[in-house]
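Following our numbering, the numbering of the sequence shown begins with 310 at its first residue and continues without gaps.
Working notes, structure below.
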Amino acid sequence: MTNLGNTVLGRMLLKEKPSKGWSSPQAIEGFKRMFSTYHAQVSNPILKEGTDLYQIKGIFGTKQEIQPDLKKHFAEYERLGLITTANSISSLDEAIDAIGHENRINPIKYLKEATIDLTGLCNLKCRHCYRGGSHEGEYGLSVEQLKEALNPLFTAGVKQFTFTGGEPTLRAKDLITLIDYINRNSYPKRIAVLSNGAFPKPHELVQELAQRDHVFLQLSLDSYEREATDHNRGVPGTFAKVKKVVQLSKKEGLPVTLQVHMLGNNRSEEAQANSEYFGNNVHSVSETKGMLMFGNAVENGHLPSYKHFITLGGLSPKYSHNAGWCKGFTRPTRLIIRADGEVTNCNYTYALPEEFGNLNSSSMVDIINNIQGTRAYEMFKDGSIESYQEELDKNIFGRRFSTSCEPMALTLAYGMIKEKLIREGAKDPVAQANLEVARKYKYAH
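Here you go:
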């Protein structure tokens with residue numbers, strides 16, 4: 310056995326620029342040099358023995374012993390949450406094998422984006438809302454909770470941030486505070502605000518957003534026709550409010566993108582005129598011709614959906630993304646912070662009893678470090694999700710699906726709810742789990 314001495318464990322991934330708040334440029338450069346292997350995946354970590362050996366255990370690999378001039382910065386690196394130190398006694402080969410295995414399977418290295426559901430509240434009543442409408446009990450996490458949750462994501466090199474809801478502009482003051490916090494403490498590429506465009510005091514908020522770096526506004530319509538949009542949004546005047554926000558944003562220099570669900574008659578003269586107007590006044594327009602069938606979209610089943618080609622039991626890990634199991638739970642490229650504190654990677658898995666963890670009871674660092682220990686992760690690894698799809702009631706969920714997102718979310722929710730019911734001693738967990746999933750996604754009342 311070889312005494313490896315002190316071991317430096319890289320807790321979080323640093324991709325390019327480190328987070329702010331350092332004591333000196335030397336500390337920054339030292340950390341970047343120490344974790345230089347974070348810039349390229351290294352399949353064979355290197356350990357060097359020495360009289361004062363330090364082993365760098367990073368997500369992408371291991372780089373030789375640390376130079377003496379860097380050791381003086383260890384306390385600072387620990388304070389920033391970048392490393393922890395621990396004593397390790399193991400054989401060199403065992404250590405290399407263990408580190409190499411962790412490097413290959415650790416999901417953190419794929420993380421690029423964070424989405425913050427700032428609130429579950431909404432001021433519209435959309436007939437296609439996948440969450441089923443406003444969640445009156447979900448005001449959202451406090452600003453301080455969200456700041457604390459974002460800090461390790463800054464350290465992890467996350468550069469893309471999205472605020473959504475509910476309707477995030479219902480917490481306009483907190484939204485601006487958090488945007489400023491992101492810009493002040495990280496190096497974002499973009500900060501997106503996803504809004505229905507029907508927010509109060511639009512001129513004031515548009516001005517505030519336009520003054521911030523890296524921010525753009527994403528708006529949505531259900532049609533280029535005013536009446537169709539207002540009808541599907543459940544509130545008269547919505548279309549006009551979106552148009553007003555576009556006008557204000559162009560005046561203030563705030564970039565806007567627009568997503569249009571192509572409901573209604575989009576060939577009418579009105580629709581053609583509005584299509585041309587938005588095309589000339591926003592940064593980009595994307596048009597979609599269907600809905601994923603969750604929540605209100607299921608309840609209002611006459612809404613157009615995407616082309617259907619997948620049935621229950623038709624998913625397999627052997628297939629590509631559209632017909633295969635989503636890799637988001639085993640290799641998440643983004644994390645979503647829900648308004649109730651739950652951390653996940655998928656907008657549509659809100660019916661799960663638990664996802665990656667909840668910020669009301671765990672820190673973001675602990676949640677990220679435990680992704681591989683969650684049941685959601687394990688179900689994809691042990692194959693149980695593939696067998697559970699056969700247990701979904703085809704009398705309830707017997708329709709065809711457009712992508713793997715729909716049956717995946719249904720199956721994942723069913724499996725976790727069924728296992729929970731079994732632990733609780735339910736007499737018929739299969740039937741009960743099917744009914745509970747159906748109610749959560751509005752396939753049944």
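Idealized CB from N, CA, C, for every residue including glycine.
These numbers were taken from a predicted model, which means no experiment stands behind them.
Integer Cβ distance of valine 515 from phenylalanine 472, believed to fall under 8 Å
On the sequence shown, residue 515 is found 206 positions in, with the first residue counted as 1. On the sequence shown, residue 472 is found 163 positions in, with the first residue counted as 1. Contact doesn't hold; Cβ gap of about 15 Å is too wide.
Cross-strand partners of methionine 501 (DSSP beta bridge):
Position 192 of the sequence shown, counted from the start, is the residue given in the question as residue 501. A small fix is needed here, since residue 501 is alanine in this sequence, not methionine. BP columns for alanine 501 point to Thr471 and Phe525.
Between leucine 624 and leucine 701, which are expected to be in contact by the criterion C-beta below 8 Å, what is the C-beta distance as a whole number of angstroms?
Within the sequence shown, residue 624 is the residue found at index 315, counting from 1. Within the sequence shown, residue 701 is the residue found at index 392, counting from 1. Not really, about 11 Å apart at Cβ, beyond 8 Å.
Cβ neighbour criterion (16 or more within 10 Å) applied to asparagine 605
Here the question's residue 605 lines up with position 296 in the sequence shown. Its Cβ being crowded by 16 or more others within 10 Å, asparagine 605 is buried.
Assign alanine 349 to one of three DSSP states: helix, strand, or coil.
Residue mapping note: residue 349 aligns to position 40 of the sequence shown, counting from 1. Low confidence applies here, because alanine 349 scores a pLDDT of 29, under 50, leaving its location unreliable and the question unanswered by this model.
Buried or exposed: isoleucine 731, going by 16 or more other Cβ atoms within 10 Å of its Cβ?
Position 422 of the sequence shown, counting from 1, holds the residue named residue 731. Exposed: under 16 other Cβ atoms inside 10 Å.
DSSP three-state label for glutamine 454, please.
As a working note, residue 454 is residue 145 in the sequence shown. Correct three-state label for glutamine 454: helix.
First through last residue of the alpha helix (DSSP H) which encompasses arginine 440:
Position 131 of the sequence shown, counted from the first residue, corresponds to residue 440. From DSSP, arginine 440 is part of no alpha helix (DSSP H); its letter is neither H nor E.
How about proline 509 and phenylalanine 470: do their beta carbons lie closer than 8 Å?
Looking up residue 509 in the sequence shown gives position 200. Looking up residue 470 in the sequence shown gives position 161. Their beta carbons are not under 8 Å apart, which means proline 509 does not touch phenylalanine 470 by this criterion.
Rounded to the nearest angstrom, what separates isoleucine 500 and leucine 487 at their Cα positions?
Start at 1 with the first residue of the sequence shown, and residue 500 comes out as number 191. Start at 1 with the first residue of the sequence shown, and residue 487 comes out as number 178. Roughly 10 Å separates the two Cα atoms.
Cα separation between aspartate 832 and leucine 484?
No information on residue 832 is available, as it lies outside the stretch 310 to 754 that the chain covers here.
Can you tell me where the alpha helix (DSSP H) with aspartate 649 in it begins and where it stops?
One-based indexing of the sequence shown puts residue 649 at position 340. Neither: aspartate 649 is in no alpha helix (DSSP H) and is coded neither H nor E.
Top-ranked residue by Cα proximity to glutamate 745, from Lys736, Ile726, Gly734 and Asp737:
As a first step, residue 745 must be located in the sequence shown, where it is residue number 436. Taking glutamate 745 as reference, the option from Lys736, Ile726, Gly734 and Asp737 with the minimal CA-CA separation is Ile726.
Our contact map puts asparagine 432 next to alanine 507 with C-beta atoms below 8 Å; I'd like the distance itself, whole angstroms only.
The sequence position of residue 432 within the sequence shown is 123, counting from 1. The sequence position of residue 507 within the sequence shown is 198, counting from 1. Going by Cβ atoms, the distance from asparagine 432 to alanine 507 rounds to 6 Å, so yes, they are a contact pair.
According to the Cβ coordinates, are methionine 673 and alanine 537 closer than 8 Å?
For the purposes of this step, residue 673 is identified with residue 364 of the sequence shown, where counting begins at 1. For the purposes of this step, residue 537 is identified with residue 228 of the sequence shown, where counting begins at 1. No, the pair does not count as a contact, with Cβ atoms beyond the cut-off.
From what residue to what residue does the alpha helix (DSSP H) around serine 584 run?
Stepping through the sequence shown from its first residue, residue 584 is reached at position 275. 578-590 is the extent of the alpha helix (DSSP H) around serine 584.
For the candidate residues Asp426, Tyr697 and Thr464, whose alpha-carbon lies nearest to that of leucine 420?
Counting from 1 along the sequence shown, the entry for residue 420 is found at position 111. Residue Thr464 is the option with its Cα nearest to leucine 420.
Is glycine 734 buried or exposed, if buried means 16 or more other CB atoms sit within 10 Å of its CB?
The residue labelled residue 734 in the question sits at position 425 within the sequence shown. Burial call: exposed.
Can you tell me which of the three DSSP states arginine 643 falls into?
Taking the first residue of the sequence shown as position 1, residue 643 is located at position 334. Strand, per DSSP.
Please state whether DSSP places histidine 754 in a helix, a strand or coil.
Taking the first residue of the sequence shown as 1, we reach residue 754 at position 445. Residue state for histidine 754 is assigned as coil, using DSSP reduced to three classes.
Cβ separation of serine 558 and valine 565, assumed to be a contact under 8 Å, to the nearest whole Å:
Taking the sequence shown and counting its residues from 1, one reaches residue 558 at position 249. Taking the sequence shown and counting its residues from 1, one reaches residue 565 at position 256. Serine 558 to valine 565, Cβ: 5 Å. Contact.
Valine 569 - containing beta strand (DSSP E), residue span
Taking the first residue of the sequence shown as position 1, residue 569 is located at position 260. Note, valine 569: beta strand (DSSP E), 565-570.
By DSSP, does threonine 275 sit in helix, in strand, or in coil?
Outside the displayed span of the chain (310 to 754) sits residue 275, for which this structure offers no information.
Should lysine 468 go down as buried or exposed, given a rule of 16 or more other Cβ atoms within 10 Å for buried?
As a first step, residue 468 must be located in the sequence shown, where it is residue number 159. When all chains shown are included, lysine 468 counts as buried.
Rounded to the nearest angstrom, what separates tyrosine 659 and phenylalanine 603 at their Cα positions?
On the sequence shown, position 350 is the one that residue 659 refers to. On the sequence shown, position 294 is the one that residue 603 refers to. If I take the Cα positions, the gap works out to 11 Å.
Once DSSP output is grouped into helix, strand and coil, what is the label at valine 544?
As a first step, residue 544 is located in the sequence shown; it is residue number 235 there, counting from the start. It is coil, neither helix nor strand.
Do the region 691-708 and the region 653-670 touch if we need at least three Cβ pairs shorter than 8 Å?
no
Where do the ends of the alpha helix (DSSP H) carrying glutamate 663 lie?
Your numbering for residue 663 matches position 354 in the sequence shown. Premise fails: glutamate 663 is in no alpha helix (DSSP H) and is neither H nor E.
For leucine 323, is the classification buried or exposed, using 16 other Cβ atoms within 10 angstroms of its Cβ as the cut-off for buried?
Position 14 of the sequence shown, counted from the start, is the residue given in the question as residue 323. Note on leucine 323: pLDDT 37, under 50, position unreliable in the model; the coordinate value appears next. Within a 10 Å sphere around the beta-carbon of leucine 323 sit 16 or more other beta-carbons, which makes this residue buried.
Please identify the residue among Gly339, Ala423 and Phe383 whose C-alpha is closest to the C-alpha of cysteine 655.
Position 346 of the sequence shown, counted from the start, is the residue given in the question as residue 655. The shortest Cα separation from cysteine 655 among Gly339, Ala423 and Phe383 belongs to Ala423.
Please name the residue, chosen from Gly650, Arg640, Cys714 and Lys751, that lies closest to serine 759 on a Cα-to-Cα basis.
Residue numbering for the chain in the displayed model covers 310 to 754; residue 759 lies beyond these limits and cannot be assessed.
Just tell me which of Pro662, Tyr657, Ala685 and His444 has its CA closest to the CA of threonine 639.
Looking up residue 639 in the sequence shown gives position 330. Measuring C-alpha to C-alpha distances from threonine 639 to each of Pro662, Tyr657, Ala685 and His444 identifies Ala685 as the nearest.
Ignore the nearest five residues each way along the sequence and tell me which others in arginine 535's own chain have a CB closer than 6 Å to its CB.
For the purposes of this step, residue 535 is taken as the residue at position 226 of the sequence shown. Short of 6 Å from the beta carbon of arginine 535, and not among the five residues preceding or following it, lie these beta carbons of its own chain, in chain order: Phe548.
Within a Cβ cutoff of 7 Å, which residues of the same chain sit near phenylalanine 706, ignoring the five residues on either side of it in sequence?
Position 397 of the sequence shown, counted from the first residue, corresponds to residue 706. So the list reads Leu621, Leu719 and Tyr752, once near-sequence residues are dropped.
Cβ atoms of leucine 455 and isoleucine 677: under 8 Å apart, would you say?
As a working note, residue 677 is residue 368 in the sequence shown. As a working note, residue 455 is residue 146 in the sequence shown. No, these two residues do not count as a Cβ contact at 8 Å.
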